[in-house]
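Student: Residue numbers (this note's numbering): 2 to 332.
Positions of the beta carbon are idealized from the N, C-alpha and C atoms, including for glycine.
Take this structure, written in structure tokens, and hold onto it; I'll ask about it next.
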Amino acid sequence: MSQESSLTTALAEAAATAGHAPSVHNTQPWRWRVLPDSLELHTVADRQLAAGDPEGRLLAVSCGAALHHARVALAAEGWRAVVRRLPDPGEESLVARLTDLTRTEADPDAMRLVQCMSVRHTDRRPVSDEPVPTDSMGEITRAVTDEGSRLQILDRDQVLELAATAGHAGAVEAEDPELRAEMAYWTSRADTGTGLPADVLPAEPPQTTVPGRDFGRPGSLPIGPGHDRMAVYALLHGDEDDRDSWLRAGEALSAAWLTATRLGVSVVPLSAVVEVPGTRQTLRQVLAGIGFPYLVLRLGIADPAQAGPPHTPRLAGEQVVDTSAVRGNQA
Ligand SMILES: Cc1cc2nc3c(=O)[nH]c(=O)nc-3n(C[C@H](O)[C@H](O)[C@H](O)COP(=O)(O)O)c2cc1C
Numbered sequence: 002m003s004q005e006s007s008l009t010t011a012l013a014e015a016a017a018t019a020g021h022a023p024s025v026h027n028t029q030p031w032r033w034r035v036l037p038d039s040l041e042l043h044t045v046a047d048r049q050l051a052a053g054d055p056e057g058r059l060l061a062v063s064c065g066a067a068l069h070h071a072r073v074a075l076a077a078e079g080w081r082a083v084v085r086r087l088p089d090p091g092e093e094s095l096v097a098r099l100t101d102l103t104r105t106e107a108d109p110d111a112m113r114l115v116q117c118m119s120v121r122h123t124d125r126r127p128v129s130d131e132p133v134p135t136d137s138m139g140e141i142t143r144a145v146t147d148e149g150s151r152l153q154i155l156d157r158d159q160v161l162e163l164a165a166t167a168g169h170a171g172a173v174e175a176e177d178p179e180l181r182a183e184m185a186y187w188t189s190r191a192d193t194g195t196g197l198p199a200d201v202l203p204a205e206p207p208q209t210t211v212p213g214r215d216f217g218r219p220g221s222l223p224i225g226p227g228h229d230r231m232a233v234y235a236l237l238h239g240d241e242d243d244r245d246s247w248l249r250a251g252e253a254l255s256a257a258w259l260t261a262t263r264l265g266v267s268v269v270p271l272s273a274v275v276e277v278p279g280t281r282q283t284l285r286q287v288l289a290g291i292g293f294p295y296l297v298l299r300l301g302i303a304d305p306a307q308a309g310p311p312h313t314p315r316l317a318g319e320q321v322v323d324t325s326a327v328r329g330n331q332a
């Protein structure tokens, strides 16, 4: 295999692997372009939540998660890349370019995280009564810090404040007809490989301290009698509130979630509170001026005795990875 064809094959495979990444409402708002010596990540405007995410925060966080998946996939195959985020202000859809690829040793930590990519999933049932080990929380927090964001574990009073704030965000969203229509759209199209199928959505509202997202319709996922008393709630945050920091927050989310998966810790992002401007502002007060909130995370240990939800479908590789510029180059 020539050096050029092994590179383009590695880039295409990393982009395909990144398809496992989580995204808001499973919109998968990304498209990869494989070029002879680089890989570009573009946003897809059609899959942005026009009502729920007009500024593109969650779009950028989702793309950041995909970017981190691709970076890890390349490192696991022994490729080092330079990442240029938002490299061309004139090209709005271009969020990152992976360039200057060089051969290196395959990274064993990255290899383990790649294995976690196909296992990781969102489990919206209440977590078990088993506490999250302190060491695991430490590793998850470090994974976030290593990606340039921060994770604040909320204390009891802050969790109660978060619960009230999440309840308010849910009520605001439930009253908005455009948001309701958008939610109905993304919960009724799983046969297209995007959106949320009924079997990953709770059949009835789970007993949780902080209310989960109201998907506007019951799903078919049995949730059991548990109450997630032992859940840990944390706020992913950072110093800035712009596209670059949202993208980095997505990379941190991916790093944290893959690390959590490796450690047997379940993660559920809660984003309604950052979608509604008023509740986002309240979260800022919870952070007491130390940063801007990007996402709330619920962490816990899933009940090992109960089968979890199935995997949420994904778009086919050729729908998200464009290899037309290197066709004939790939091995
Ligand atoms: C930025 C972002 C926001 C999300 N917000 C929520 C949320 O508010 N509630 C929820 O239950 N899941 C949320 N999720 C999880 C997605 O719905 C989930 O990742 C997607 O459906 C794909 O499923 P999977 O994680 O099981 O692969 C969010 C994910 C991301 C990346």
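Check whether the Cβ of G251 lies closer than 8 Å to any heavy atom of ligand 1, and answer yes or no.
Tutor: The sequence position of residue 251 within the sequence shown is 250, counting from 1. Correct: G251 has its Cβ closer than 8 Å to ligand 1.
Student: Measure the beta-carbon distance from T195 to Q29 and round it to whole angstroms, keeping in mind my assumption that it falls under 8 Å.
Tutor: Walking along the sequence shown from the start, residue 195 turns up at place 194. Walking along the sequence shown from the start, residue 29 turns up at place 28. Contact flag correct, Cβ pair sits at about 6 Å.
Student: Mapping the DSSP letters down to three states, classify S39 as helix, strand or coil.
Tutor: Here residue 39 refers to the residue found at position 38 of the sequence shown. In this structure, S39 counts as strand in the three-state DSSP scheme.
Student: Over what stretch of residues does the alpha helix (DSSP H) that includes Q153 continue unbroken?
Tutor: Position 152 of the sequence shown holds residue 153. It is not in any alpha helix (DSSP H) - Q153 instead sits in the beta strand (DSSP E) that spans R151 to I154.
Student: Would you say the beta carbon of V62 is closer than 8 Å to some non-hydrogen atom of ligand 1?
Tutor: Position 61 of the sequence shown holds residue 62. Flag set: Cβ of V62 near ligand 1.
Student: Strictly by DSSP, which residues pair up with F293?
Tutor: For the purposes of this step, residue 293 is taken as residue 292 along the sequence shown, with counting starting at 1. Answer is G239, bridged to F293.
Student: Quick one: what does DSSP say A232 is sitting in, helix, strand or coil?
Tutor: Taking the first residue of the sequence shown as 1, we reach residue 232 at position 231. In the structure shown, A232 sits in coil (DSSP, three-state: anything other than H, G, I, E or B).
Student: Given A170, which residues of its chain have a CB within under 6 Å of its CB, disregarding the five upstream and five downstream residues?
Tutor: The count along the sequence shown starts at 1 and reaches residue 170 at position 169. So the list reads A273, V274, V277 and T280, once near-sequence residues are dropped.
Student: What's the call for R157, buried or exposed, on a 16-neighbour Cβ count within 10 Å?
Tutor: Position 156 of the sequence shown, counted from the first residue, corresponds to residue 157. R157 comes out exposed.
Student: Can H169 be considered in contact with ligand 1, in the sense that its beta carbon sits closer than 8 Å to one or more heavy atoms?
Tutor: As a first step, residue 169 must be located in the sequence shown, where it is residue number 168. No - ligand 1 has no heavy atom lying nearer than 8 Å to the Cβ of H169.
Student: Any contact of the segment 43-52 with the segment 5-15, i.e. 3+ C-beta pairs under 8 Å?
Tutor: Segments in contact, no.
Student: Take R346 as the anchor and find which of P314, A235 and T18 has the nearest alpha-carbon.
Tutor: The chain is shown from 2 up to 332; residue 346 falls before or after that span and cannot be answered.
Student: Spatial neighbours of L300 within its chain, please: CB distance less than 6 Å, with the 5 preceding and 5 following residues excluded, ordered by chain position.
Tutor: As a working mapping, residue 300 is identified with position 299 in the sequence shown. Closer than 6 Å at the Cβ level, and outside the excluded window around L300, lie V133, V233, V266 and V268.
Student: If you scan the segment 8-71 from start to end, which runs of the beta strand (DSSP E) of 3 or more residues do you find wholly inside it?
Tutor: Here the runs fully enclosed are 31-36 and 39-44.
Student: Can L152 and L163 be called in contact, C-beta distance under 9 Å?
Tutor: Here residue 152 is taken as the residue at index 151 of the sequence shown, counted from 1. Here residue 163 is taken as the residue at index 162 of the sequence shown, counted from 1. No, the Cβ-Cβ distance between L152 and L163 is not below 9 Å.
Student: May I ask you to verify whether the segment 253-267 touches the segment 218-231, counting CB pairs closer than 8 Å and requiring at least 3?
Tutor: Output reads no: the segment 218-231 does not touch the segment 253-267.
Student: Output the distance between the C-alpha atoms of E92 and G292, rounded to the nearest integer angstrom.
Tutor: Position 91 of the sequence shown, counted from the first residue, corresponds to residue 92. Position 291 of the sequence shown, counted from the first residue, corresponds to residue 292. Distance between the alpha carbons of E92 and G292 is about 29 Å.
Student: Just checking, does the segment 97-110 make contact with the segment 230-246 on the three C-beta pairs under 8 Å criterion?
Tutor: Judged by Cβ distances under 8 Å, the segment 97-110 makes no contact with the segment 230-246, as fewer than three pairs qualify.
Student: Measure from the alpha carbon of D240 to the alpha carbon of each residue in A303, A77, Y295 and H26, then state which is nearest.
Tutor: Within the sequence shown, residue 240 is the residue found at index 239, counting from 1. Here the closest residue by C-alpha is Y295.
Student: Please determine whether the Cβ atom of V120 lies at a distance below 8 Å from any heavy atom of ligand 1.
Tutor: In the sequence shown, residue 120 corresponds to position 119, counting from 1. No, ligand 1 has no heavy atom inside 8 Å of this Cβ.
Student: Is the beta carbon of R263 less than 9 Å from the beta carbon of L114?
Tutor: For this step, residue 263 is matched to residue 262 along the sequence shown. For this step, residue 114 is matched to residue 113 along the sequence shown. Yes, the pair counts as a contact, with Cβ atoms nearer than the cut-off.
Student: What does DSSP give as the partner residue(s) for R104 in the beta ladder?
Tutor: Translated into positions along the sequence shown, residue 104 becomes position 103. Beta-bridge pairing links R104 to W80.
Student: When every heavy atom of ligand 1 is checked, does at least one fall within less than 8 Å of the C-beta of G213?
Tutor: On the sequence shown, position 212 is the one that residue 213 refers to. Yes, ligand 1 has a heavy atom inside 8 Å of this Cβ.
Student: Give the secondary structure of S325 by DSSP, where H, G and I count as helix, E and B as strand, and everything else as coil.
Tutor: The residue you call residue 325 lines up with position 324 of the sequence shown. The answer is helix: DSSP assigns S325 an H, G or I state.
Student: Quick check: does the Cβ of A273 come within less than 8 Å of any heavy atom belonging to ligand 1?
Tutor: Position 272 of the sequence shown, counted from the first residue, corresponds to residue 273. The answer is yes for A273.
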